[in-house]
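Chemist: Handing you this structure, nothing more for now.
There are 2 protein chains.
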Amino acid sequence: MDVTMKDVAKLAGVSLSTVSRVLNDSSLVREETAIKVQKAVEKLDYQINDSARILRTNTSNLIGVIGAGMERPFLANLLKGIEAEARERGYALIYGDSDGEFEKEQNYLNIMKQKKIDGIILITTNYYNDLLSIVKNYQIPVVFASGYISDPEISCVTADNVAGAYDIVEYLCQAGHRDIAFIKGPDLDLLASQERLRGVKLALRLSDIEYDPSRFIEGDFTFESGYSAAKKIINKFPDVTAIFAFNDEMAVGVIRYLKEQNIKVPEDISVVGFDGIELGKYIDPALTTIKQSGYQLGLKSIEMLNKIINQEKIEDNKVFIPHELVVRESTNKLNELTTNKEVVKNNRG
Amino acid sequence: MDVTMKDVAKLAGVSLSTVSRVLNDSSLVREETAIKVQKAVEKLDYQINDSARILRTNTSNLIGVIGAGMERPFLANLLKGIEAEARERGYALIYGDSDGEFEKEQNYLNIMKQKKIDGIILITTNYYNDLLSIVKNYQIPVVFASGYISDPEISCVTADNVAGAYDIVEYLCQAGHRDIAFIKGPDLDLLASQERLRGVKLALRLSDIEYDPSRFIEGDFTFESGYSAAKKIINKFPDVTAIFAFNDEMAVGVIRYLKEQNIKVPEDISVVGFDGIELGKYIDPALTTIKQSGYQLGLKSIEMLNKIINQEKIEDNKVFIPHELVVRESTNKLNELTTNKEVVKNNRG
DNA sequence: TTGTAGGCGTTATCAC
DNA sequence: GTGATAACGCCTACAA
């Protein structure tokens, strides 16, 4: 069996409670005694038994994360940010992937409840409404990190997808593009993709361009889906001058397809993405996109969750992280030569 | 307070022990009673208190994962594979990023021990020897998933980095390249990068090419480091005909730099990577590389760990996952035209 | 300032 | 088949 407090107490020649006090930095213990205990702890390499502590205190310093498709670069960085900030604040992470299936989400939620997690970060986009009612019922502090949740009781941290999509479409329109095609996320995605869609519609309306649903091809945020969506677009709408893929990976797929067809980017068709993943700087042509920081998103999510757990006052439970339009090489003004400069426009925060 | 077994027992009109038996599928309980209990469980939406169970049984169904740089596509897929297979086998995951720092690794190891994890997957490459001695001392089942560990007591699952690197260098040599430059991983990486280096040396020797250490530039597996390493290479060795970056992201960085210098890939310089991430198919030119499946690696790691935990017999505690040379567009034979076909050569495993 | 004792929610060992 | 009851290791009144 492992070393327990009892062993430490015996070695230090004090009682159990004294050991406990020392371990919990209770001030009411003589320095001399504390040192004795510390020495015993080190000598025995004592490690607290977390289960016993949790059982007793009902608080675990454990945060649950339920996500889906976290291998996408943007989300991988989100997870990294979550982990770093959670560690910083003394939480450990228990992580589950739902594959976007409600049953798995539900399942993880139960497991996490059983483990008495202090709070939970949800990154799912499909069945979030069902999830919310479970979470509310369980009374677990929760922060959504994958989109805007209108329910006033629920906290969320997210990029402003509506504004971001608006910005980049406006940019295209101002560059003279009117014949634009779009690659959405999965129709099951009720958050980011829907929000970006709203931003697009808004920008189109203000530029006096008719909204044509048939110009929105469904993708699934992978390279491959961008590639095949591009094929459909080129076949159905040979006159497009610009394509907006709702994330960078799909935009990369688009660019690949266009190259194979000897269609020049940006001379023939401009291509833009969303997210601003690192890769976008290195493909050719470098990708014009809306940049947001997944890492930052993760960090802010934990920050907010921590406040909720500690019942601190929260000014606003809907938080937007900054985004910016980054113009690189994959876009140009209609009937103009390409400019290769990287320009940062419109940095909101 | 939450619903406990006591509440269930009361509602079902049975004793605590009976409830426990039902929950643990003990056969020695009358069907009738079992149903009564089940109903009470559902009615109260009873969830077991995991801490109490762990405290009592000393087994947690929890697997710890300590990694670093997990946002890299290959490793993100590894994590995905780990998660999927762990879930499948009834484990939950507790995940920590060490940033490649020994102190953080050590710290997570302690936290995980306190949580009574059943086993641990280590994906770190720097201080693994120090980690190993701690893990051994803690007597926790462990599987390494980031390289070959020679210690016969330690299990590992990994791609055959030596053979993979050998294969791709041999391929370059057979295509007539003798003037090759290399971009290693960080010198701190004592596993994958070192192993690939060994494979390279072997292939060079067999092709009768002198090993010149100055032709090995240190990178850190990022796009950016590939980009800047390429710059150094072109300046120092203007006559190279091929560059082998030790992972795909760096290879993408190389290709970007070469394009900016109007150096044609593969006509002027062939470029190869390692890992076979999805992206490699979509950049232009598509990347020749050694492909291995991170997902598969994760899956096999959990499979092995599960066996160790259950004290099942293990035939071989060193497992290699398959790799294959995938020839795409970024390489050609010296003094020949590019071929654009994707060819799978040498699928071992 | 320190020690004693009860209980957190389970499981396991006894009896019945 | 079922039911008491004693741990598991820790925290926390309360007592000293």
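So the protein sequences, as listed, match chains A and B. For the record, in the first sequence the residue sitting at position 92 is 777 according to our numbering, with numbers rising by one throughout. For the record, in the second sequence the residue sitting at position 94 is 779 according to our numbering, with numbers rising by one throughout. Each residue gets a CB set at the ideal place from its N, CA and C atoms; glycine is no exception.
1) Go ahead and pull the three-state DSSP assignment for B:Glu1009.
2) Which of the three DSSP states, helix, strand or coil, is assigned to B:Ala866?
3) Which runs of the beta strand (DSSP E) fall wholly inside the region 973 to 998 of chain A and span at least 3 residues, in chain order?
4) Taking the Cβ atom as the reference point for each residue, do A:Ala850 and A:Phe906 lie within a distance shorter than 9 Å?
5) Name the DSSP beta bridge partners of B:Glu1000, please?
6) Starting from the beta carbon of B:Val937, find every residue of chain A whose beta carbon is closer than 9 Å, and list them in chain order.
7) Are at least three pairs of beta-carbons, each pair with one atom in the region 929 to 944 of chain B and one in the region 902 to 916 of chain B, less than 8 Å apart?
8) For chain A, find out if any of its Cβ atoms is closer than 9 Å to the Cβ of B:Phe959; answer yes or no.
9) Below 8 Å CB to CB, which residues in the same chain sit around A:Glu802 once its five sequence neighbours on both sides are set aside?
10) Between the C-alpha atoms of A:Ser1015 and A:Thr973, what's the straight-line distance to the nearest angstrom?
11) Let's see if you can read the secondary structure: which residues bound the beta strand (DSSP E) around A:Gly651?
12) Could you tell me the alpha carbon to alpha carbon distance between A:Asp692 and A:Ala725, rounded to whole angstroms?
13) Buried or exposed: which applies to B:Arg772, given that a residue is buried once 16 or more other Cβ atoms fall within 10 Å of its Cβ?
14) Using a Cβ distance threshold of 8 Å, determine whether the region 995 to 1010 of chain A contacts the region 776 to 796 of chain A, with at least three qualifying pairs required.
15) Hey, could you find the ends of the beta strand (DSSP E) B:Ile919 is sitting in?
16) Using a C-beta to C-beta distance shorter than 8 Å, which residues of chain A count as neighbours of B:Tyr912?
17) Just to make sure I have the definition right: I need the residues of chain A whose C-beta is within less than 7 Å of the C-beta of B:Ile796. Which are they?
18) Is the Cβ of A:Gly804 closer than 9 Å to any Cβ of chain B?
19) List in chain order: all unbroken alpha helix (DSSP H) runs of 4+ residues lying wholly within the region 805 to 838 of chain A.
20) How would you label B:Glu952, buried or exposed, when you count the other beta carbons within 10 angstroms and need 16 or more for buried?
21) Is A:Gln799 close to chain B? Criterion is C-beta to C-beta, closer than 9 Å.
22) For A:Asp924, I'd like the list of residues in its chain whose CB is within less than 8 Å of its CB, leaving aside the five on either flank, ordered along the chain.
23) Rounded to the nearest angstrom, what separates B:Phe829 and B:Leu875 at their Cα positions?
24) Taking only the alpha-carbon atoms, compute the straight-line gap between A:Asp845 and A:Glu880 and give it to the nearest angstrom.
25) For B:Phe929, which of helix, strand or coil comes out of DSSP?
26) Assign A:Asn1025 to buried or exposed, taking buried as 16 or more other Cβ atoms, counted over all protein chains shown, within 10 Å of its Cβ.
27) Just the chain B side, please: which residues come within less than 8 Å of A:Ala737 by C-beta, in chain order?
28) Can you tell me where the beta strand (DSSP E) holding A:Tyr793 begins and where it ends?
29) Cα-Cα, which of B:Ile918, B:Ser955 and B:Leu943 is closest to B:Ala860?
30) Can you list, in chain order, the residues of its chain whose CB lies under 6 Å from that of A:Ile808, leaving out five sequence neighbours each side?
31) What separation, rounded to the nearest whole angstrom, lies between the Cα atoms of A:Gly1034 and B:Val707?
32) Beta-carbon of B:Asn762 versus every beta-carbon of chain A: anything under 9 Å?
33) Provide the residue span of the beta strand (DSSP E) that contains A:Leu778, from first to last.
34) A:Glu727 lies in the beta strand (DSSP E); which residues open and close that run?
35) Quick one: give me the first and last residue of the beta strand (DSSP E) that A:Ser955 is part of.
36) Take B:Leu1022 and list the residues in its own chain whose beta-carbon comes closer than 7 Å to its own, dropping the five residues that flank it on each side.
Modeler: Taking the geometry as given:
1) Translated into the one-based positions of the second sequence, residue 1009 of chain B becomes position 324. Strand at B:Glu1009.
2) Here residue 866 of chain B refers to the residue found at position 181 of the second sequence. B:Ala866: strand per DSSP, three-state reduction.
3) 974 to 977
4) Mapped onto the first sequence, residue 850 of chain A falls at position 165. Mapped onto the first sequence, residue 906 of chain A falls at position 221. Their beta carbons are not under 9 Å apart, which means A:Ala850 does not touch A:Phe906 by this criterion.
5) Taking the first residue of the second sequence as position 1, residue 1000 of chain B is located at position 315. B:Glu1000 is not bridged to any residue.
6) Taking the first residue of the second sequence as position 1, residue 937 of chain B is located at position 252. Here the neighbours are Leu964, Tyr967 and Ile968.
7) Contact between the region 929 to 944 of chain B and the region 902 to 916 of chain B is established, with three or more Cβ pairs separated by less than 8 Å.
8) Against the second sequence, residue 959 of chain B aligns to sequence position 274. Taking Cβ atoms only, chain A never reaches closer than 9 Å to B:Phe959, which makes this a no.
9) As a position in the first sequence, residue 802 of chain A is number 117, starting the count at 1. Sequence check: residue 802 of chain A is Ile here, not Glu. Ser745, Leu747, Ile748, Gly749, Ile779 and Ile825.
10) The residue given as residue 1015 of chain A occupies position 330 in the first sequence. The residue given as residue 973 of chain A occupies position 288 in the first sequence. Rounded to whole angstroms, A:Ser1015 to A:Thr973 spans 6 Å at the Cα level.
11) Absent from the structure is residue 651 of chain A, since the part of chain A shown begins at 686 and ends at 1034.
12) Numbered from 1 along the first sequence, position 7 holds the residue referred to as residue 692 of chain A. Numbered from 1 along the first sequence, position 40 holds the residue referred to as residue 725 of chain A. Their backbone Cα atoms lie some 9 Å apart in a straight line.
13) Position 87 of the second sequence, counting from 1, holds the residue named residue 772 of chain B. Buried is the call here.
14) With the cut-off at 8 Å, the region 995 to 1010 of chain A and the region 776 to 796 of chain A do not touch.
15) Position 234 of the second sequence, counting from 1, holds the residue named residue 919 of chain B. Taken as a continuous stretch (DSSP letters only), B:Ile919 belongs to no beta strand (DSSP E), being part of the alpha helix (DSSP H) at Phe908 to Lys921.
16) Here residue 912 of chain B refers to the residue found at position 227 of the second sequence. Result: Tyr967.
17) Translated into the one-based positions of the second sequence, residue 796 of chain B becomes position 111. In chain order: Ala777.
18) As a working note, residue 804 of chain A is residue 119 in the first sequence. Taking Cβ atoms only, chain B never reaches closer than 9 Å to A:Gly804, which makes this a no.
19) 813 to 823
20) Numbered from 1 along the second sequence, position 267 holds the residue referred to as residue 952 of chain B. With fewer than 16 other Cβ atoms within 10 Å, it is exposed.
21) Mapped onto the first sequence, residue 799 of chain A falls at position 114. True, the Cβ-Cβ gap to chain B drops below 9 Å.
22) As a first step, residue 924 of chain A must be located in the first sequence, where it is residue number 239. These residues qualify, in order along the chain: Asp864.
23) One-based indexing of the second sequence puts residue 829 of chain B at position 144. One-based indexing of the second sequence puts residue 875 of chain B at position 190. Rounded to whole angstroms, B:Phe829 and B:Leu875 show a C-alpha spacing of 13 Å.
24) As a first step, residue 845 of chain A is located in the first sequence; it is residue number 160 there, counting from the start. As a first step, residue 880 of chain A is located in the first sequence; it is residue number 195 there, counting from the start. Taking the straight line joining both Cα atoms gives about 8 Å.
25) Residue 929 of chain B sits at position 244 when you count from the first residue of the second sequence. B:Phe929 falls in the strand class under three-state DSSP.
26) Position 340 of the first sequence, counted from the start, is the residue given in the question as residue 1025 of chain A. Here the model assigns A:Asn1025 a pLDDT of 42, short of 50, so the residue's position is not dependable and the matter cannot be decided.
27) Position 52 of the first sequence, counted from the first residue, corresponds to residue 737 of chain A. Going along chain B in sequence order, the residues near A:Ala737 (Cβ under 8 Å) are Ser736 and Leu740.
28) On the first sequence, residue 793 of chain A is found 108 positions in, with the first residue counted as 1. Here A:Tyr793 belongs to no beta strand (DSSP E); instead the alpha helix (DSSP H) covers Phe787 to Gln799.
29) Within the second sequence, numbered from 1, the residue matching residue 860 of chain B stands at position 175. Taking only the C-alpha atoms, the option nearest B:Ala860 is B:Ser955.
30) On the first sequence, position 123 is the one that residue 808 of chain A refers to. The residues are Gly752, Ala830 and Ser831.
31) For this step, residue 1034 of chain A is matched to residue 349 along the first sequence. For this step, residue 707 of chain B is matched to residue 22 along the second sequence. Note that A:Gly1034 scores 25 on pLDDT, short of 50, meaning its location in the model is unreliable; the coordinates nonetheless yield the value given after this. Using only the alpha carbons, I get a separation of about 55 Å.
32) For the purposes of this step, residue 762 of chain B is identified with residue 77 of the second sequence, where counting begins at 1. By this cut-off, B:Asn762 is an interface position.
33) As a first step, residue 778 of chain A is located in the first sequence; it is residue number 93 there, counting from the start. Ala777 to Asp782 is the span of the beta strand (DSSP E), which, as asked, contains A:Leu778.
34) Start at 1 with the first residue of the first sequence, and residue 727 of chain A comes out as number 42. Segment Glu716 to Leu729 is the alpha helix (DSSP H) holding A:Glu727; no beta strand (DSSP E) there.
35) One-based indexing of the first sequence puts residue 955 of chain A at position 270. Ser955 to Val957 is the span of the beta strand (DSSP E), which, as asked, contains A:Ser955.
36) Start at 1 with the first residue of the second sequence, and residue 1022 of chain B comes out as number 337. Low confidence applies here, because B:Leu1022 scores a pLDDT of 42, under 50, leaving its location unreliable; read the following figure in that light. There are no such residues.
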